[in-house]
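In the UniProt record's numbering, the protein residues as written are 1 to 169.
Note that beta-carbon positions come from the ideal geometry of N, C-alpha and C, so glycine has one too.
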Amino acid sequence: MIPVYRTPRDIALKLFREAGRTWKATDLQSMADHLFNFCVTNSSLRDWVMQTKQVQKGDHAFNSAWRAMADGLFGDCADIANASKHLLVLETRIDASQEAVVAIGFDGQPIDGSLTMKDVYQIRRPGGELVDLTMFFFKTCRAWEDYFQANKDLGGELPSYIEQLVEYR
1 MIPVYRTPRD IALKLFREAG RTWKATDLQS MADHLFNFCV TNSSLRDWVM QTKQVQKGDH
61 AFNSAWRAMA DGLFGDCADI ANASKHLLVL ETRIDASQEA VVAIGFDGQP IDGSLTMKDV
121 YQIRRPGGEL VDLTMFFFKT CRAWEDYFQA NKDLGGELPS YIEQLVEYR
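Dropping the structure here:
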């Protein structure tokens, strides 16, 4: 085991850092690498929680409830991670797209001239629904923040994942 990872909270913080790395990536290849790592880490965090809470590996109720978290995005994360690991083609897909990104000043208003277009990925869910990365990270990370707040035995509450996405210049 890597010494800095001792509790589920340590893995959750790694997950948040991967969200930040994905969001801050400057090209689609790097973004894909970090998005894949985010999905794998999300599943790893589930395993850490299961071990800490002594949940049996074949506990279908736990796994079903876990996959349903974050409006089902935990399950989509697992499918993305497992499809790559097992070379499977599943219904959850990643599509390239572009998003408008704007810098926000201290007053909360957009900074003039800061609007840029950024290459990003969207998650295409089994029913065809597209989830942009901003919402994907929001729902997934917030679900973990809430879970840790309700389960104090996992190593403590989590700071907001937003800290990993914000850049100060």
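Contact annotation, G20 with Q164: C-beta distance approximately 3 Å; criterion of less than 8 Å satisfied. Counting along the chain, no beta strand (DSSP E) covers I111, and no H or E run does either. In the DSSP assignment, D33 falls within the unbroken alpha helix (DSSP H) covering L28 to T52. Counting only runs of 3 or more residues that sit fully inside the segment 124-166, the beta strand (DSSP E) segments are 130-132, in chain order. Y121 and R9 have their alpha carbons spaced roughly 27 Å apart. Between the segment 38-50 and the segment 112-120 there are fewer than three C-beta pairs closer than 8 Å, too few to call the two in contact.
For G105, no alpha helix (DSSP H) segment is defined, and its DSSP state is neither H nor E. Per DSSP, the beta-bridge partners of Q122 are D95 and D132. For K57, the secondary structure class from DSSP, reduced to helix, strand or coil, is coil.
A straight-line Cα-Cα distance of about 26 Å links H60 and K14.
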